[in-house]
Amino acid sequence: MVEGWPGRGQGWGVEFVRVSRWAQALEVRAACPRAVPVSGGTDVMVEVKAGRLRPAMLLDLGPVAELAEWEPADGWLRVGAGVTYTRLIEELGARLPGLAQAARTVGSRQIRNRGTLGGNLGTAATKGVCHPVLLACDARVELAGATGGTRLIDADGFYQGERRTALADTELIRAVWLRPAHGPQYFAKVGVRNAMTTAICSLALTVDHDRCRVGVGIGAAGPVPARARAAEEFAAAHIDWKGGPGRPLAADVVGHFADLVARAADPADDLRAGAAYRRHALTVIARRTLTWATTPPTTRPADHLRRHGGEP
Ligand SMILES: Cc1cc2nc3c(=O)[nH]c(=O)nc-3n(C[C@H](O)[C@H](O)[C@H](O)COP(=O)(O)OP(=O)(O)OC[C@H]3O[C@@H](n4cnc5c(N)ncnc54)[C@H](O)[C@@H]3O)c2cc1C
10 MVEGWPGRGQ GWGVEFVRVS RWAQALEVRA ACPRAVPVSG GTDVMVEVKA
60 GRLRPAMLLD LGPVAELAEW EPADGWLRVG AGVTYTRLIE ELGARLPGLA
110 QAARTVGSRQ IRNRGTLGGN LGTAATKGVC HPVLLACDAR VELAGATGGT
160 RLIDADGFYQ GERRTALADT ELIRAVWLRP AHGPQYFAKV GVRNAMTTAI
210 CSLALTVDHD RCRVGVGIGA AGPVPARARA AEEFAAAHID WKGGPGRPLA
260 ADVVGHFADL VARAADPADD LRAGAAYRRH ALTVIARRTL TWATTPPTTR
310 PADHLRRHGG EP
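Per this note's numbering, the sequence shown runs over residues 10 to 321.
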């Protein structure tokens with residue numbers, strides 16, 4: 010079926026197609042919906058090595074230049090699915106501080122050099138670092154297919170179940186659209202250690218002074234990454250938007266916000282943590298991030314900005 014496609018090969022019973030142009034990628038995907046797309050391979054190859062995934066065909070998107078680009082577009086940033094964590098940190102850290110903070114927590118330098126935004130969305134594990142940030146930022150995911158054209162869907166609509174997404178098996182993830190930050194953004198993750206560990210729970214918080222909006226996304230706190238909508242609305246109603254950034258909130262407001270975040274969770278008991286611990290940990294990081302986001306930088310602990318860099 011793939012006769013004539015460039016970069017075609019075969020090994021250990023797997024057909025391998027390497028494409029260098031976006032149009033080619035869509036063509037292969039449409040013709041072979043069972044082909045497994047590969048970007049950085051940091052999830053796919055782990056699954057293959059462990060024997061949990063036996064693909065008949067791999068579609069290597071690594072050389073597709075369009076996927077590795079990001080650009081400003083209509084007041085948004087359109088970030089290609091193939092942009093790596095390292096580039097999110099180095100090139101977009103000032104404009105998308107929440108996403109850059111999340112990227113800094115991923116694996117090791119080698120994983121950050123290969124792992125991509127699109128790959129994190131493709132796997133759609135509830136513990137994936139990008140999801141809480143995309144939810145908190147009201148991001149949109151751009152999906153494309155050779156026949157169906159392009160569609161933009163809200164991040165909230167992209168996650169449809171445990172590792173299930175809105176991506177059709179003839180489509181690919183092209184890009185993610187995010188607004189540049191107009192206020193503080195924070196990402197916090199609780200794990201058994203700081204590096205090379207997946208989240209026991211995680212939270213992203215964005216305060217958008219342009220739109221008078223608070224966004225809260227939570228990860229590893231249920232089968233699907235989720236927004237804490239009641240907490241978002243409660244915090245937005247208590248922030249003094251006219252007073253400008255950095256007006257501390259009363260402790261009881263911050264405490265109730267944290268409780269609302271925990272109520273939005275539907276955590277599991279598993280080997281790494283119990284549901285009660287996950288809920289408690291969420292209240293801690295919810296209180297912490299909202300306090301950071303509403304406290305003037307000069308009154309924060311000295312090492313806070315160095316470690317988190319949460320200002321746009
Ligand atoms: C040691 C180690 C540590 C890790 N640490 C973390 C961590 O801290 N946090 C975290 O969230 N993850 C972590 N990961 C997982 C992984 O690095 C990330 O999920 C990463 O974002 C995957 O990106 P990738 O480009 O390597 O994806 P790939 O492995 O190439 O693909 C992942 C999935 O996405 C699909 N896919 C890829 N690109 C597209 C596309 N354009 N369109 C449609 N589908 C696509 C693939 O088919 C596959 O289902 C770790 C992995 C390892 C090995």
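Where is the CB? At the ideal position from N, CA and C, for every residue including glycine.
Remember, predicted model here, so these are calculated numbers, not experimental data.
Go ahead and label residue i buried or exposed: buried means 16 or more other beta carbons lie within 10 angstroms of its beta carbon, across all protein chains shown.
i      : result
Ser117 : exposed
Ala111 : buried
Arg324 : Since the first residue of the chain shown is 10 and the last is 321, residue 324 is not available in this structure.
Leu161 : exposed
Ala302 : buried
Pro305 : exposed
Lys58  : exposed
Lys136 : buried
Lys198 : buried
Ala295 : buried
Gly49  : buried
Thr156 : exposed
Val216 : buried
Leu130 : buried
Leu76  : buried
Ala74  : exposed
Gly128 : buried
Val201 : exposed
Glu78  : exposed
If we call anything under 8 Å between Cβ atoms a contact, is residue i one with residue j?
i      : j      : result
Leu126 : Ala175 : no
Gly71  : Thr93  : no
Ala213 : Val263 : no
Asp69  : Arg121 : no
Leu97  : Leu86  : no
Ala246 : Ala273 : no
Ala282 : Phe266 : no
Arg183 : Ala133 : no
Val88  : Leu67  : no
Arg188 : Gly84  : yes
Val138 : Thr114 : yes
Arg43  : Thr179 : no
Gly154 : Leu35  : yes
Pro46  : Leu181 : yes
Ala190 : Leu299 : no
Leu291 : Ala260 : no
Pro276 : Gly231 : yes
Ala82  : Glu24  : no
Any beta carbon from chain C within less than 8 Å of residue i's own beta carbon?
i     : result
Arg96 : Looking at the structure shown, chain C is missing, and only one protein chain is on hand.
If we require 3 or more residues per run, which beta strand (DSSP E) segments fall completely within the segment 173-206? 180-187, 194-199
State whether the segment 141-150 contacts the segment 214-230, with contact taken as three or more CB pairs (one from each stretch) at a distance under 8 Å. yes
Taking the runs of the alpha helix (DSSP H) that are 4 residues or longer, which of them lie wholly in the segment 101-188? 106-113, 118-123, 126-132, 139-145, 164-167
Could you tell me which uninterrupted beta strand (DSSP E) segments, each at least 3 residues in length, are contained entirely in the segment 221-248, listed from first to last along the chain? 222-228
In chain order, each alpha helix (DSSP H) run of at least 4 residues that lies wholly inside the segment 266-307: 284-302
Report the residue ranges of all beta strand (DSSP E) runs contained in full by the segment 38-103; include only those spanning at least 3 residues, in chain order. 45-47, 66-69, 79-82, 85-89
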